[in-house]
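Counting with my numbering, you get residues 450 to 565 for the letters of the sequence shown.
As C-alpha cells, the structure follows; a few thoughts come after it.
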Amino acid sequence: MDFEEQFLKKEKPFFNVGDTVKVYTKIIEGNKERVQLYSGLVIAKKGSGLSETFTVYRSAYGTAMERVFLLNSPRVTKVVVEKQGKVRRAKLNFIKGTSGKKAKVKENLYKAENTI
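Now the structure itself:
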C-alpha cells in the first residue's frame, strides 16, 4: 500500500468549479469539538491525491471571504452540493471583484444523476 493511499478518503464528494457547496468542518476548541458550516461558490480546484484542494468564495454583508479546504483532510467532515453551476472556466477568479448580476453563475438545469 502506498503511503498516500492510507490517508485518502474512501468516498470523495463529486463537485466542480461553479457549484454552490456547503462544507462542514470539525473545529476543536479546548476539549470541545463542534462542526462549523461554511457555504459558498467553488471558484477553484487544485492538485491531486492527498494534496487536492478547493477554494470556496462567498460574500456576506458587503465583505467577501474565500477559504481553501483540503479535500482529504480529516477536519472536513462532509461537502454537500446545493446547486450545480454552468461555467466555461477552470478558475473563477474574475468573480472576486464583481457584485450583483456579474457575480452570478448560471445554474445547470440538466444535471446527471450518477456522474462518474
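Cβ coordinates follow ideal geometry from the N, Cα and C atoms, glycine included.
Computed from a predicted model, the values in this text were never measured in an experiment.
Spatial neighbours of methionine 514 within its chain, please: CB distance less than 7 Å, with the 5 preceding and 5 following residues excluded, ordered by chain position.
Position 65 of the sequence shown, counted from the first residue, corresponds to residue 514. Correct list, in chain order: Arg507.
Under DSSP, the beta strand (DSSP E) around serine 508 begins and ends at which residues?
Start at 1 with the first residue of the sequence shown, and residue 508 comes out as number 59. 502–509 is the extent of the beta strand (DSSP E) around serine 508.
What did DSSP end up calling phenylalanine 543 once you bin it into helix, strand or coil?
The sequence position of residue 543 within the sequence shown is 94, counting from 1. In this structure, phenylalanine 543 counts as helix in the three-state DSSP scheme.
Does the segment 491–505 come into contact with the segment 541–553, if we say contact requires no fewer than three beta-carbon pairs (one atom in each stretch) closer than 8 Å?
yes
Alpha carbon to alpha carbon, how far is lysine 481 from tyrosine 473? Give it in angstroms, no decimals.
For the purposes of this step, residue 473 is taken as residue 24 along the sequence shown, with counting starting at 1. For the purposes of this step, residue 481 is taken as residue 32 along the sequence shown, with counting starting at 1. The straight-line gap from Cα to Cα measures roughly 16 Å.
Can you list, in chain order, the residues of its chain with a C-beta nearer than 7 Å to that of phenylalanine 456? Leave out the 5 residues immediately preceding and following it.
Position 7 of the sequence shown, counted from the first residue, corresponds to residue 456. These residues qualify, in order along the chain: Leu499, Asn521.
Cβ-Cβ separation, leucine 519 to threonine 504 (assumed contact under 8 Å), whole Å:
On the sequence shown, residue 504 is found 55 positions in, with the first residue counted as 1. On the sequence shown, residue 519 is found 70 positions in, with the first residue counted as 1. At roughly 11 Å, the Cβ-Cβ gap does not stay under 8 Å, so threonine 504 and leucine 519 are not in contact.
When burial is assigned at 16 or more other CB atoms within 10 Å of the CB, is threonine 549 buried or exposed?
Taking the first residue of the sequence shown as 1, we reach residue 549 at position 100. The sequence as given places glycine at residue 549; threonine does not occur at that position. Exposed is the call here.
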